[in-house]
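Counting in the UniProt record's numbering, the sequence shown runs from 1 upward without gaps.
The structure appears below as structure tokens.
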Amino acid sequence: MNEIILITLLIQIYCTSNSYHAISKENKEERKQVQIKEIVTILYEEYYIDIKFIIEGGYGKIFWARHLSHPNFVALKVYTDEFFSFNDIMKEISFLEKLNHPNIISGKLFCNNYFYYLEMDFYEFDLFRYVRAFFLSINDKKMILKQVLDALFYLKSNNVIHNDLKNNNILIDKKLNIKICDFGFACKKENLIFPLKKFSLSILEKFEFYSPEFKKSIEYDEKSDIYSFGTLVYFIFNEINYKFETYKPITDTESHNMFLKCKELDPKNRPSADSLLLSGYFDFLYEEMFCFGKLKDFIIETGFCSIIKHDKTLGINIKNKATVDVYCCCHILTSPLYISMSKELNLKENCRSANNNSFSQITTKRFLYVESDGIFKPIQFMPQLDRIEYLDFFYRNKKYQAECEISN
């Protein structure tokens, strides 16, 4: 009899608990909808129209809208979390103001009597939704990853660690141009932050994109972002089977091997952003480039650019952009720089028999470029949007490639 009473009480407690959580969840959703309506009303007063709530993220809500002063859509990040201080907001804004890269979001901070909000470039999708909505070829996926690495290499060069690299913090358009956003957890390498200290171990286990060292709130560096990048690789290639606890192999073997290397528990064993950029993994992007050094000198002029070939150098001047000099693969400076960097980054020479590990082998596409700063850089360090513009010569002028092949 006592056992029956005990079981009955347990059932009542369980049902009451579930009912409480259901009501609590329902009330939370109601409060959220009320807050969204209030924000929309206030944004209308700020002369925004066609306002649409998109998603709720860390410390705020994201909206799409158009301002009456210009026709284009913008994204608005409205800071709503009561624990997000003005200093936290200004920290994120300061990063966005100082960073200037085509794959990093830019924005302006505004405020009214109710909240702060950040106006940013408009992107219709984040990566999480995009890969589920559209087919992506292997090269499409690699092109996305290349841009993420471009941004990570830029951040590393500026001693910045993002600390929150994940699929819904990467914006993307239908041309596969990406921008990394949400710098709320970002910090300088010399001034680390530990925002996850307050979370319990059970909660931290759900944060699959964060590195072990970041979750443990111990010292970390830019390799923490590489761990997150590895998780991103897995997501992009296995978006249907997105179960990190099982790690179903990626069908593209070289991408799977790169994913495993980026996810090494010891940060020292993870590759760096620059080593991945210089690897053969992205060689398909440079297939159209050819040795132009043996061609006769020439000048090509169009309405928006001029290309001057002199000896083993191409001077490319695009309207409203800086002049860039591209040095041929046969130039005396090219090979030594690649050899030096391959040793520094521990990249092996390309081996056709081991093509499943192209991410650990130095690229075979070796050209240099020089901007106004006068520094010689591998062509692989040129951001995606610049590469498309400046290297357009190689894609459009097949006749020069044919001449080069004949001369050889």
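Each residue gets a CB set at the ideal place from its N, CA and C atoms; glycine is no exception.
Since we're looking at a predicted model, the values are computed, not measured.
Spatial neighbours of Y14 in its chain, beta-carbon cut-off 7 Å, leaving aside the 5 residues before and after: Start at 1 with the first residue of the sequence shown, and residue 14 comes out as number 14. For Y14, the predicted structure reports a pLDDT of 46, less than 50, and the residue's modelled location is therefore unreliable. The matter cannot be settled from this model.
Range covered by the beta strand (DSSP E) that runs through I318: Numbered from its first residue, the sequence shown carries residue 318 at position 318. Residues T313 to I318.
Top-ranked residue by Cα proximity to F376, from L347, Y338, A273 and L118: To locate residue 376, count along the sequence shown from 1; it is residue 376. If we check each option's Cα against that of F376, Y338 comes out closest.
Y114 (DSSP reduced to helix, strand or coil): Here residue 114 refers to the residue found at position 114 when the sequence shown is read from its first residue. Three-state result, Y114: coil.
The region 357-369 / the region 377-388 touching (three or more Cβ pairs under 8 Å): yes
Residue range of the alpha helix (DSSP H) that includes K223: Counted from its first residue, the sequence shown places residue 223 at position 223. Counting along the chain, the alpha helix (DSSP H) containing K223 begins and ends at K223 to F237.
Pairwise C-alpha distance: Y79 and E38: Along the sequence shown, read from residue 1 onward, the residue named residue 38 stands at position 38. Along the sequence shown, read from residue 1 onward, the residue named residue 79 stands at position 79. Distance from the CA of E38 to the CA of Y79, rounded to the nearest whole angstrom, comes to 13 Å.
T231 burial status per 10 Å Cβ neighbour count (16 or more: buried): As a working mapping, residue 231 is identified with position 231 in the sequence shown. Buried, because 16 or more other Cβ atoms sit within 10 Å of the Cβ of T231.
Span separating the alpha-carbon of E56 from that of I36: Here residue 56 is taken as the residue at index 56 of the sequence shown, counted from 1. Here residue 36 is taken as the residue at index 36 of the sequence shown, counted from 1. Taking the CA atoms as reference points, E56 sits about 10 Å from I36.
Boundaries (first-last residue) of the alpha helix (DSSP H) holding F128: For the purposes of this step, residue 128 is taken as residue 128 along the sequence shown, with counting starting at 1. Note, F128: alpha helix (DSSP H), L127 to A133.
Expected contact under 8 Å - CB spacing of K189 and Y227 to nearest Å: On the sequence shown, position 189 is the one that residue 189 refers to. On the sequence shown, position 227 is the one that residue 227 refers to. No, K189 and Y227 are not in contact; Cβ-Cβ is about 16 Å, not under 8 Å.
Pair within 7 Å by beta-carbon distance, I178 and I172: The count along the sequence shown starts at 1 and reaches residue 178 at position 178. The count along the sequence shown starts at 1 and reaches residue 172 at position 172. In contact: I178 and I172 (Cβ atoms closer than 7 Å).
Validate contact between the region 122-141 and the region 190-209 using beta carbons, cut 8 Å, 3 pairs: No: the two stretches stay apart, fewer than three of their Cβ pairs being nearer than 8 Å.
Minimum C-alpha distance to Y395 - residue among K52, P383 and F290: Taking the sequence shown and counting its residues from 1, one reaches residue 395 at position 395. Of the listed residues, the one whose Cα sits closest to Y395 is F290.
Where G303 sits in the DSSP three-state scheme: Numbered from its first residue, the sequence shown carries residue 303 at position 303. DSSP places G303 in coil when its eight states are reduced to three.
Whether Y234 touches F359 by CB criterion (7 Å): For the purposes of this step, residue 234 is taken as residue 234 along the sequence shown, with counting starting at 1. For the purposes of this step, residue 359 is taken as residue 359 along the sequence shown, with counting starting at 1. Cβ distance not < 7 Å, so Y234 and F359 don't count as in contact.
When K309, D386, P271 and D283 are compared against K321, the one with the closest alpha-carbon: Taking the first residue of the sequence shown as position 1, residue 321 is located at position 321. Measuring from the Cα of K321, the nearest candidate turns out to be D386.
For S69 and residue 412, the rounded distance between their alpha carbons: Residue 412 is absent from the model: the chain starts at 1 and stops at 408.
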